[in-house]
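Peer 1: Below is one structure. I have some questions about it.
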Amino acid sequence: MNVAARECGILRSNMIYLFCMVVFPVVIIFFFTSLMNEGQPEDMPVGVVDMDNTATTRSMTRKLDAFQNTRITRHFNDIAEARAAMQRNEIYAFLYFPAGTTDKLLSMRQPKISIYYSNTSLTAGALLGKDLKIIATLGSAGVGSAQMSAKGYTEKQITAFLQPIAIDLHTIQNPWISYNIYLSTMLIPGCIMLFIFLITVYSIGTELKFGRSKEWLAAAGDNIYVAVAGKMLPQFIVFITIMLAYIWYVFGILDFPHPGGTWTMMLLGLLAVVSAQGFGIFMFGLMPSLRMSMSTCSLWAVISFSLSGAAYPVFSMSPAIEALAQLFPLRHYYMVYQICVFNGFPLPYAWFNIAAMVGFACLPVFIMRNLKRAMLKFVYIP
Amino acid sequence: MKMLQRINEGLHDMCHIWAEEMKNVVRDEGVLIFFVLVPLLYPILYSWIYNNEVVREVPVAVVDNSHSSMSRMFIREFDASPDTRVAYHCNSLDEAKDLVGRQAVHGVIYFPQDFQTRINRMEQSHVSVYCDMSLMLTYKAIFQTASSVAANINSKIQTSLSGNTTGREDEITIKPLDFDEIPMFNTTGGYGNFILPGVLMLIIQQTLLLGIGLSAGTAREKNKYKELIPVSRHYNGIFRIVLGKSICYFMIYSVIAAYVTLVIPRMFGFVSLVHAPDLVTFMLPYLLSCIFFGMMLSCLVRYRENVILLVVFSSILFLFLSGMSWPSSNIPGTWKAVSWLFPSTFGIQGFVSMNTAGARLGDISLQYICLWIQTVVFFIMTCAVYKFQIDRVKKLRSREQ
Numbered sequence: 001m002n003v004a005a006r007e008c009g010i011l012r013s014n015m016i017y018l019f020c021m022v023v024f025p026v027v028i029i030f031f032f033t034s035l036m037n038e039g040q041p042e043d044m045p046v047g048v049v050d051m052d053n054t055a056t057t058r059s060m061t062r063k064l065d066a067f068q069n070t071r072i073t074r075h076f077n078d079i080a081e082a083r084a085a086m087q088r089n090e091i092y093a094f095l096y097f098p099a100g101t102t103d104k105l106l107s108m109r110q111p112k113i114s115i116y117y118s119n120t121s122l123t124a125g126a127l128l129g130k131d132l133k134i135i136a137t138l139g140s141a142g143v144g145s146a147q148m149s150a151k152g153y154t155e156k157q158i159t160a161f162l163q164p165i166a167i168d169l170h171t172i173q174n175p176w177i178s179y180n181i182y183l184s185t186m187l188i189p190g191c192i193m194l195f196i197f198l199i200t201v202y203s204i205g206t207e208l209k210f211g212r213s214k215e216w217l218a219a220a221g222d223n224i225y226v227a228v229a230g231k232m233l234p235q236f237i238v239f240i241t242i243m244l245a246y247i248w249y250v251f252g253i254l255d256f257p258h259p260g261g262t263w264t265m266m267l268l269g270l271l272a273v274v275s276a277q278g279f280g281i282f283m284f285g286l287m288p289s290l291r292m293s294m295s296t297c298s299l300w301a302v303i304s305f306s307l308s309g310a311a312y313p314v315f316s317m318s319p320a321i322e323a324l325a326q327l328f329p330l331r332h333y334y335m336v337y338q339i340c341v342f343n344g345f346p347l348p349y350a351w352f353n354i355a356a357m358v359g360f361a362c363l364p365v366f367i368m369r370n371l372k373r374a375m376l377k378f379v380y381i382p
Numbered sequence: 001m002k003m004l005q006r007i008n009e010g011l012h013d014m015c016h017i018w019a020e021e022m023k024n025v026v027r028d029e030g031v032l033i034f035f036v037l038v039p040l041l042y043p044i045l046y047s048w049i050y051n052n053e054v055v056r057e058v059p060v061a062v063v064d065n066s067h068s069s070m071s072r073m074f075i076r077e078f079d080a081s082p083d084t085r086v087a088y089h090c091n092s093l094d095e096a097k098d099l100v101g102r103q104a105v106h107g108v109i110y111f112p113q114d115f116q117t118r119i120n121r122m123e124q125s126h127v128s129v130y131c132d133m134s135l136m137l138t139y140k141a142i143f144q145t146a147s148s149v150a151a152n153i154n155s156k157i158q159t160s161l162s163g164n165t166t167g168r169e170d171e172i173t174i175k176p177l178d179f180d181e182i183p184m185f186n187t188t189g190g191y192g193n194f195i196l197p198g199v200l201m202l203i204i205q206q207t208l209l210l211g212i213g214l215s216a217g218t219a220r221e222k223n224k225y226k227e228l229i230p231v232s233r234h235y236n237g238i239f240r241i242v243l244g245k246s247i248c249y250f251m252i253y254s255v256i257a258a259y260v261t262l263v264i265p266r267m268f269g270f271v272s273l274v275h276a277p278d279l280v281t282f283m284l285p286y287l288l289s290c291i292f293f294g295m296m297l298s299c300l301v302r303y304r305e306n307v308i309l310l311v312v313f314s315s316i317l318f319l320f321l322s323g324m325s326w327p328s329s330n331i332p333g334t335w336k337a338v339s340w341l342f343p344s345t346f347g348i349q350g351f352v353s354m355n356t357a358g359a360r361l362g363d364i365s366l367q368y369i370c371l372w373i374q375t376v377v378f379f380i381m382t383c384a385v386y387k388f389q390i391d392r393v394k395k396l397r398s399r400e401q
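In order, the protein sequence lines correspond to chains A and B.
Take the first sequence: its position 268, counting from 1, is numbered 268 in the numbering used here, and each next residue is one higher.
Take the second sequence: its position 289, counting from 1, is numbered 289 in the numbering used here, and each next residue is one higher.
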């Protein structure tokens, strides 16, 4: 208790704690949720190169403009101009109608239009590529349906002929295909865990740096377990509050899908905080030099965004990396989140990942002796 | 004459500070880690992670209640597609759902009992595709493959129904309006090609911020008055300090930047369409603005390790502010304004345009000019910070005397 009270004093006296434990995490929560507030990027700039310029091509252009993701911002005189605009990042895609498109279409000589999209931004490229493809396919379907209705077929017959097999798409739990729901739920906890890593290491390391390590141990009656537990307790309370605030804001206020239920989310939040703290203590115990352990923790935290496998799946990485990914707490956080909270499966489905997170939380046990020795004997090396 | 003498003395002091700073960097292990080790190894690690570029053979479960030749054809073609594979055949949707929970599959295809019957009756038939939305890339792979398999089978059905005489007639029936789909720049749609150029530029900025901050923190801890500059007769002009230090950083980073922007893409075969003169002209203001930005911020660093706390988390923010993942046209105005404060925003946008889309310097003049503006502004602010520091040291010293 003594140690905890002492730790509260330290937390209050150094401004950096206030910023890293409260201010920055809150900024992060608002940053990501407001940045991707649209869910899917809407009205992205697209160009048109219309060498034909007839009622048919103009109507196709209008239809494209009406799509949710697309907005026609410019008309170009030729392909080179449109390509240059794409290189300048002014448009992400364009549609090209060669001269004579309508003529050929009416006389059944199969004209060919082209759709160009830039994959320099994969999100924009994928969404716009999809829109443009739909427009081109609709163009074909339009001709077919006009012909068939002229021949006297019913609407039902026309759809059955033009699209004998239709795909019913079910995007489970995220029917809006919202990137906010998809990305924010991994990025924000990842950032909070990054701060936990660094603050844990920083708070233990500065004891050594400012020559207070013996005082710290003395306050705990020379028991390293009490010392560490006392030190971590106030930090734990602050971080779990931030974590719960995140859960409350994102799943409560913004109402992101969470069929897993409140208790599962709270359990996951708890696991995230203790596993990150455990990992931080372990890292410092392993390398009782503030600089080395902080560098390693920042490397670990930043890489974990990639290795969590939320953006690019882990099973598509090389097998060595696939194995390495298991060493990152955020990976397990993401797995438990998506299996149990997002998809609402019962907890045993993610037993391995939950066990791994508990394991991370228990890691400090192995290095306690080392940590004590470091605190008593080591001197701070810059 | 006096003016000339001052300039001469200034130049000498500048070189002295330059040499001092260089020695400090080499001696300080922490700075060396961020200036050399991280920029050397981090890009390799990232490239290795994303080297496979695309997602192939996503496992999918199939529930075939139709058991017809048509559904089997669909399944065969779906399995044969490069992006997906049929991993399990299930008897019910519940069974398939269980497999999703166990992470054995990332999606389910469901054929209703009347799948082929409806086609034979000349009615529209439906295939249901269920996707696990926790991974966008697997969703994309499953949905796109299913759509293209369906389109392929549809055209077979159409040709068999329409009773045309020639192959050309069949082609026109299927597609009266033909189209070419051309993904430009990063033609493979690879994830590495997309994210890596941005990450590379960000690594340059972040390691500079970390290294400069760390060495400033050390200086503060070592110096007599806990200020940024030591008490020495060489350190009594703003420009000589700022220029001397920045030349040292610039020297190191000219090499690092060349390695990061040219060697790494070639090592891993990523897209690299930069023109040498453009790259050099562009990197000059980028490095300078990053250096002055770092020196300006370094006045905030009281203890050396604090800089890690301040800089590391911002990497993720900077990457998103640059408009890599979330297109820059859709970043809300407030955040866009914030993004203009950091060199990385323009650096990443400009470099991606040049590296991936093969733009020339003239195409990215906006980013280029903004970087120069930032360089000037940050330089002036750095000078102001150091002026403040010099004045304080002088005041403290005179009080002591």
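Even for Gly, the Cβ is constructed at its ideal location relative to N, Cα and C.
For S140/A, does the three-state DSSP call read helix, strand or coil?
Peer 2: Within the first sequence, numbered from 1, the residue matching residue 140/A stands at position 140. Of the three classes helix, strand and coil, the one that applies to S140/A here is helix, per DSSP.
Peer 1: For a test of the three-state rule: what should DSSP assign to G47/A, helix, strand or coil?
Peer 2: Walking along the first sequence from the start, residue 47/A turns up at place 47. If DSSP states are grouped into helix, strand and coil, G47/A belongs with the strands.
Peer 1: Anything in chain A within Cβ reach of E171/B, meaning under 8 Å, just list it in chain order.
Peer 2: For the purposes of this step, residue 171/B is identified with residue 171 of the second sequence, where counting begins at 1. Result: Q110.
Peer 1: Measure from the alpha carbon of L300/B to the alpha carbon of each residue in F239/B, W335/B, G213/B and I373/B, then state which is nearest.
Peer 2: To locate residue 300/B, count along the second sequence from 1; it is residue 300. Ranking F239/B, W335/B, G213/B and I373/B by Cα distance to L300/B puts G213/B first.
Peer 1: Which chain A residues sit within Cβ distance under 7 Å of E21/B?
Peer 2: The residue you call residue 21/B lines up with position 21 of the second sequence. Those within 7 Å of E21/B in chain A number zero; the least Cβ separation is about 16 Å.
Peer 1: According to DSSP, is H89/B part of a helix, a strand, or is it coil?
Peer 2: Taking the second sequence and counting its residues from 1, the one referred to as residue 89/B is at position 89. The answer is strand: DSSP assigns H89/B an E or B state.
Peer 1: Between the beta-carbon of C111/B and the beta-carbon of S71/B, is there less than 8 Å?
Peer 2: Position 111 of the second sequence, counting from 1, holds the residue named residue 111/B. Position 71 of the second sequence, counting from 1, holds the residue named residue 71/B. Inspection of the sequence shows that residue 111/B is occupied by Phe rather than by Cys. Yes, they are a contact pair.
Peer 1: Between the Cα of I44/B and the Cα atoms of I264/B, T165/B, F346/B and K23/B, which residue gives the shortest distance?
Peer 2: As a working note, residue 44/B is residue 44 in the second sequence. Nearest option by C-alpha distance: I264/B.
Peer 1: Hey, S298/A and G190/A: beta-carbon distance below 8 Å or not?
Peer 2: Along the first sequence, read from residue 1 onward, the residue named residue 298/A stands at position 298. Along the first sequence, read from residue 1 onward, the residue named residue 190/A stands at position 190. No, they are not a contact pair.
Peer 1: Got a sec, what are the start and stop residues for the beta strand (DSSP E) P183/B sits in?
Peer 2: On the second sequence, residue 183/B is found 183 positions in, with the first residue counted as 1. Segment D178 to M184, the beta strand (DSSP E) holding P183/B.
Peer 1: Taking all protein chains shown into account, decide if S203/A is buried (16 or more other Cβ within 10 angstroms of its Cβ) or exposed.
Peer 2: To locate residue 203/A, count along the first sequence from 1; it is residue 203. Answer is buried; the Cβ neighbour count reaches 16.
Peer 1: Counting along the chain, where does the beta strand (DSSP E) carrying I109/B start and finish?
Peer 2: One-based indexing of the second sequence puts residue 109/B at position 109. Taken as a continuous stretch (DSSP letters only), the beta strand (DSSP E) holding I109/B covers G107 to F111.
Peer 1: Listed in chain order, which residues of the stretch 297-317 of chain A have Cβ atoms closer than 9 Å to some Cβ of chain B?
Peer 2: The stretch 297-317 of chain A vs chain B, Cβ under 9 Å: C297, S298, L299, A301, V302, I303, F305, S306, L307, G309, A310, A311, Y312, P313, F315, S316 and M317.
Peer 1: Distance, Cα to Cα, A126/A vs N119/A?
Peer 2: Here the question's residue 126/A lines up with position 126 in the first sequence. Here the question's residue 119/A lines up with position 119 in the first sequence. Taking the straight line from one Cα to the other gives about 7 Å.
Peer 1: Starting from the beta carbon of R102/B, find every residue of chain A whose beta carbon is closer than 9 Å, and list them in chain order.
Peer 2: By 1-based counting over the second sequence, the position of residue 102/B is 102. Within chain A, the residues near R102/B are I339, F345 and Y349.
Peer 1: Quick check: the Cα distance between R71/A and E38/A, rounded to an integer number of angstroms?
Peer 2: Here residue 71/A refers to the residue found at position 71 of the first sequence. Here residue 38/A refers to the residue found at position 38 of the first sequence. Between R71/A and E38/A, the C-alpha separation is close to 15 Å.
Peer 1: Expressed to the nearest angstrom, what Euclidean distance is found between the alpha-carbon atoms of G359/A and L198/A?
Peer 2: Taking the first sequence and counting its residues from 1, one reaches residue 359/A at position 359. Taking the first sequence and counting its residues from 1, one reaches residue 198/A at position 198. Rounded to whole angstroms, G359/A to L198/A spans 19 Å at the Cα level.
Peer 1: Please list the residues of the stretch 115-139 of chain A that have a C-beta atom closer than 7 Å to any C-beta atom in chain B, keeping them in chain order.
Peer 2: So the list reads I115, Y116, Y117, S118, N119, T120, S121, L122, T123, A124, G125, A126, G129, K133, A136 and G139, given in the order they occur along the chain.
Peer 1: Take every Cβ of the stretch 142-160 of chain A, pair it with every Cβ of the stretch 276-287 of chain B, and state whether three or more of those distances are shorter than 8 Å.
Peer 2: The stretch 142-160 of chain A, when compared against the stretch 276-287 of chain B, does not touch it at the 8 Å Cβ threshold.
Peer 1: Out of P230/B, G362/B, Q158/B and T187/B, which has the shortest C-alpha to C-alpha gap to P176/B?
Peer 2: Here the question's residue 176/B lines up with position 176 in the second sequence. P176/B has its Cα closest to that of Q158/B, out of P230/B, G362/B, Q158/B and T187/B.
Peer 1: Can you grab the Cα-Cα spacing for the pair L371/A / A355/A, in whole Å?
Peer 2: Translated into positions along the first sequence, residue 371/A becomes position 371. Translated into positions along the first sequence, residue 355/A becomes position 355. Their backbone Cα atoms lie some 25 Å apart in a straight line.
Peer 1: Quick one: complete beta strand (DSSP E) runs, 3+ long, within the stretch 237-323 of chain A?
Peer 2: Listed in chain order, nothing qualifies, since the stretch 237-323 of chain A has no complete beta strand (DSSP E) run of 3 or more residues.
Peer 1: Kindly indicate which residue of I49/B, P39/B and S128/B has the alpha-carbon position closest to the one of Y312/A.
Peer 2: The sequence position of residue 312/A within the first sequence is 312, counting from 1. Taking only the C-alpha atoms, the option nearest Y312/A is I49/B.
Peer 1: Can you tell me where the beta strand (DSSP E) holding T120/A begins and where it ends?
Peer 2: Walking along the first sequence from the start, residue 120/A turns up at place 120. No beta strand (DSSP E) holds T120/A; DSSP gives it neither H nor E.
Peer 1: Closer than 7 Å, Cβ to any Cβ of chain A: which residues of the stretch 104-138 of chain B, in chain order?
Peer 2: Per Cβ criterion, the list reads I119, M122, E123, Q124, S125, H126, V127, S128, V129, Y130, C131, D132, M133, S134, L135, M136, L137 and T138.
Peer 1: With distance defined between alpha-carbon atoms, name the residue in C248/B, F346/B, R102/B and E181/B nearest to L202/B.
Peer 2: Counted from its first residue, the second sequence places residue 202/B at position 202. That would be F346/B, whose Cα lies nearest to the Cα of L202/B.
Peer 1: Specify the secondary structure class of R109/A as computed by DSSP and reduced to three states.
Peer 2: Here residue 109/A refers to the residue found at position 109 when the first sequence is read from its first residue. Note: R109/A maps to coil in three-state DSSP.
Peer 1: If we define contact as Cβ-Cβ less than 8 Å, is M148/A a contact residue for chain E?
Peer 2: Among the protein chains in the structure shown, which are A and B, there is no chain E.
Peer 1: Would you kindly work out how many angstroms separate the C-alpha atoms of F318/B and I113/A, rounded to a whole number?
Peer 2: On the second sequence, residue 318/B is found 318 positions in, with the first residue counted as 1. On the first sequence, residue 113/A is found 113 positions in, with the first residue counted as 1. F318/B and I113/A: Cα-Cα distance of roughly 38 Å.
Peer 1: Rounded to whole angstroms, what is the Cα-Cα separation between K394/B and G237/B?
Peer 2: Position 394 of the second sequence, counted from the start, is the residue given in the question as residue 394/B. Position 237 of the second sequence, counted from the start, is the residue given in the question as residue 237/B. Rounded to the nearest angstrom, the two C-alpha atoms are 12 Å apart.
Peer 1: Does the CB of E155/A have a neighbour CB from chain B at under 8 Å?
Peer 2: As a working note, residue 155/A is residue 155 in the first sequence. Not closer than 8 Å to any Cβ of chain B, the Cβ of E155/A fails to qualify, so no.
Peer 1: Does the CB of Q68/A have a neighbour CB from chain B at under 8 Å?
Peer 2: Reading the first sequence from its first residue, position 68 is the one you call residue 68/A. Chain B contact via Cβ: absent.
Peer 1: Run through the stretch 277-360 of chain B for me and flag every whole beta strand (DSSP E) of 3 or more residues, listed as ranges in chain order.
Peer 2: For the stretch 277-360 of chain B, not a single whole beta strand (DSSP E) run of length 3 or above is found.
Peer 1: Along the chain, which unbroken stretches of the alpha helix (DSSP H) at least 4 residues long are found entirely within the stretch 158-237 of chain A?
Peer 2: DSSP runs (the alpha helix (DSSP H)) wholly in the stretch 158-237 of chain A: 185-209 and 213-219.
Peer 1: Taking Cβ positions only, does G269/B come closer than 8 Å to chain A?
Peer 2: One-based indexing of the second sequence puts residue 269/B at position 269. By this cut-off, G269/B is not an interface position.
Peer 1: Hey, would you say M294/A sits closer than 8 Å to I33/B, going by beta carbons?
Peer 2: Working through the first sequence from its first residue, we reach residue 294/A at position 294. Working through the second sequence from its first residue, we reach residue 33/B at position 33. Against a cut-off of 8 Å, the Cβ pair of I33/B and M294/A comes out as no contact.
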